[in-house]
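Enquirer:
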Amino acid sequence: MFKISNNNQKEFNKNGVVVLRRFLSKSKASELQRKIDIYILRNKKKLRGKDINFIGSKVNSLHKIRGKYFEKLYKSKKVVESSKLLLNAIPKFKHCEYFAKPEKVGLPSPMHQDNYYWNLKNPNAITMWIALTPTNKKNGSIDYLIGSHKIGKVKHISSYAPGSSQKVKNLKKFKKFKRRSFNLNIGDCLVHHSEIIHGSKANNSNYPRRGFTIQMIDSKAKIDKIALKNYKISLDKQIKRRS
Ligand SMILES: O=C(O)CCC(=O)C(=O)O
569 MFKISNNNQK EFNKNGVVVL RRFLSKSKAS ELQRKIDIYI LRNKKKLRGK
619 DINFIGSKVN SLHKIRGKYF EKLYKSKKVV ESSKLLLNAI PKFKHCEYFA
669 KPEKVGLPSP MHQDNYYWNL KNPNAITMWI ALTPTNKKNG SIDYLIGSHK
719 IGKVKHISSY APGSSQKVKN LKKFKKFKRR SFNLNIGDCL VHHSEIIHGS
769 KANNSNYPRR GFTIQMIDSK AKIDKIALKN YKISLDKQIK RRS
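If you use my numbering, the sequence shown corresponds to residues 569 to 811, in order.
1) Three or more C-beta pairs closer than 8 Å, one from the segment 693–704 and one from the segment 754–766: is that the case here?
2) Suppose you measure from the CA of K596 to the CA of T701; what does that come to, to the nearest Å?
3) Taking DSSP's pairing of strands, which residues face W697 in a bridge?
4) Identify which residue in I785, Y728, Y712 and G731 has its Cα closest to the Cα of L739.
5) Just the C-alpha distance for I658 and K652, rounded to the nearest angstrom, thanks.
6) Following a CB-centred definition, is S677 positioned closer than 7 Å to any heavy atom of ligand 1?
7) Give the DSSP bridge partners of V736, in chain order.
8) Mind checking whether S768 and G715 have CB atoms under 8 Å apart?
9) In the DSSP assignment, the alpha helix (DSSP H) including S644 goes from what residue to what residue?
10) Regarding G584 and ligand 1, is the C-beta to nearest heavy atom distance less than 7 Å?
11) How do the segment 602–618 and the segment 633–651 stand: do at least 3 beta-carbon pairs fall below 8 Å, yes or no?
12) Comparing C-alpha positions only, which one of I782, P691 and K808 sits nearest to D792?
13) On the criterion of 16 or more Cβ atoms from any shown chain inside 10 Å, does M679 qualify as buried, or is it exposed?
14) Considering only the alpha carbon of each residue, which of F667, P776, L688 and R777 lies closest to L796?
Here it is, written out as structure tokens:
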């Protein structure tokens with residue numbers, strides 16, 4: 569059974585990202601993949617706009633996944649205990665997402681901070697990204713600017729990338745941060761801070777690169793309503809332009 573350590577917490581605080589190896593067993597990870605596939609089959613026609621993105625006929629990303637199975641996972645002891653230690657606060661669930669990045673055609677996610685989408689006044693929040701396929705530079709691992717979670721929210725602009733609508737305005741400004749990605753096995757979990765700058769490249773390889781995410785926030789977190797409104801205006805404009 570996975571158990572988070574104080575070293576994991578130290579690394580997370582310093583770098584803004586940490587890998588929790590073997591967070592899910594291989595069999596639990598393949599069960600999760602099966603449940604996502606069933607969710608897609610059942611909901612493909614109902615899901616629209618913000619909640620699903622395709623590349624050709626393939627799903628590239630799913631946003632706000634709902635259902636009992638996923639609820640059981642985000643309420644599980646390992647998710648709750650890990651997020652409690654990393655946030656040093658009582659955690660509250662936000663959303664689950666799925667980034668499928670299909671082989672040969674998987675879309676990039678331009679460099680961004682999650683809190684630019686979430687608009688929390690206090691950015692004490694994390695994304696837990698669980699690998700459902702082996703993940704490496706060839707199939708589109710996530711690149712992080714290590715330590716960038718400490719600089720606060722930075723300017724973003726519309727990216728026009730389906731499923732990743734915002735990107736850091738002037739990435740060159742952040743050259744001083746070391747860029748790092750991680751090779752992951754099925755079931756490993758990356759945990760990143762809501763203000764670390766990160767993103768992933770297109771998947772031109774012959775293998776899919778799939779990750780399921782659980783977003784957990786400090787239960788006391790408040791929303792910056794003006795920032796949220798501006799973000800939604802930008803997203804709606806981009807979705808209208810696509811359809
Ligand atoms: O899976 C990806 O490539 C991007 C995921 C991401 O940016 C996130 O979950 O915050």
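C-beta atoms are modelled at their ideal positions from N, C-alpha and C, and glycine is treated no differently.
Expert: Here's the rundown:
1) yes
2) 13 Å
3) L758 and T781
4) Y712
5) 6 Å
6) yes
7) H724
8) no
9) First-last for S644: undefined, no H or E at that position.
10) no
11) yes
12) P691
13) buried
14) L688
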